[in-house]
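Step one of this worksheet: look at the structure below.
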């Protein structure tokens with residue numbers, strides 16, 4: 001792997017470029033097909049409401065996939081991610097309108113580890129609520 | 001209803017192999033809106049030192065979860081699958097998943113707990129390639145929400 005970020009160039013607190021990821025119903029249908037997760041809470045409003053959700057919600061794994069892009073875009077080599085974990089705290093509610101929802105992701109270096117590795121902590125929100133917590137990646141730098 | 005604690009530590013037989021295709025990786029990368037060439041272009045992947053296109057980090061879940069779903073739907077375990085939500089997910093990678101991999105998963109029930117009346121089950125999926133080399137381990141924590149009082 002060939003991270004474009006050098007270990008020597010980061011410190012605790014170094015911020016990664018933040019990003020926003022829009023998500024609408026078409027995004028969820030496409031992700032359902034690509035991932036094989038066809039749970040109707042991700043595309044059928046009637047079903048979602050019947051099981052107690054406010055509306056259709058995004059796949060947690062979709063949100064997890066978007067959040068780590070802040071890390072993979074930063075390193076330039078997605079293979080530099082050696083560990084990645086999240087807790088799904090709140091659903092990303094995706095209304096059937098012309099706007100959908102937006103997932104906001106920022107990240108910063110939280111710890112310097114052995115072997116030129118760092119831990120990056122991510123902050124992931126939608127509609128001003130944290131949707132993922134304990135969202136952390138261990139990244140191999142050059 | 002409390003789940004049977006004797007399931008903790010139980011390991012399930014390896015799944016039949018999942019062959020990772022270039023077009024499946026491309027489809028997944030497009031579905032998460034990521035146009036990084038290492039997911040799409042074998043030459044770009046070689047330039048980064050990989051023998052073929054690699055998959056985005058969370059792609060491994062598409063493989064590990066099939067195995068985990070079979071475990072949690074084991075009727076002997078007694079988990080109410082209709083009430084299950086995904087609580088936590090973690091991965092530890094030996095290397096990225098890549099096109100051409102033939103991957104098999106061995107699932108193990110790592111823990112069973114009851115928190116505030118909700119059953120919490122953590123399943124570890126060890127994903128290996130055809131040569132038996134470890135590729136990635138996925139930990140999936142599922143919560144079955146307690147049934148509401150009628």
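Protein chains in written order, with UniProt numbering: chain D, 1 to 142; chain G, 1 to 150.
Every residue, glycine too, gets a C-beta built ideally from N, C-alpha and C.
Quick caveat, the model's predicted, so the values are computed rather than measured.
- Residue 94 of chain G counts as exposed, since fewer than 16 other beta carbons sit within 10 angstroms of its beta carbon.
- Just measuring C-alpha positions, the residue of G:119, G:108 and G:101 sitting nearest residue 132 of chain G is G:101.
- Using beta-carbon distances, residue 58 of chain G counts as an interface residue toward chain D, with a partner under 8 Å.
- In this structure the stretch 126-136 of chain D touches the stretch 82-89 of chain D; the number of beta carbon pairs closer than 8 Å is three or more.
- Among the residues of chain G, those whose CB is under 7 Å from the CB of residue 87 of chain D are 87 and 88, following chain order.
- Collapsing the DSSP output to three states places residue 40 of chain G in coil.
- In this structure, the beta-carbon distance from residue 81 of chain D to residue 68 of chain D falls below 8 Å.
- For residue 136 of chain G, the closest of G:127, G:62, G:86 and G:144 by C-alpha to C-alpha distance is G:127.
- Burial of residue 16 of chain D is indicated by the presence of at least 16 other C-beta atoms within 10 angstroms of its C-beta.
- Positions of the beta strand (DSSP E) runs, each at least 3 residues long and wholly inside the UniProt domain "FAS1-like dehydratase" (6-137) of chain G, are given as 84-93, 102-115 and 118-128 in order along the chain.
- Interface flag for residue 40 of chain D against chain G is unset, since no Cβ pair is found closer than 8 Å.
- Taking C-alpha positions only, residue 112 of chain G is separated from residue 42 of chain G by approximately 42 Å.
- Contact check for residue 31 of chain D and residue 62 of chain D: beta-carbon distance about 5 Å, within the 8 Å limit, so the pair qualifies.
- The beta carbon of residue 125 of chain G does not come within 8 Å of any beta carbon belonging to chain D, so the residue lies off that interface.
- Within the model, the alpha-carbon separation for residue 8 of chain G versus residue 105 of chain G is close to 18 Å.
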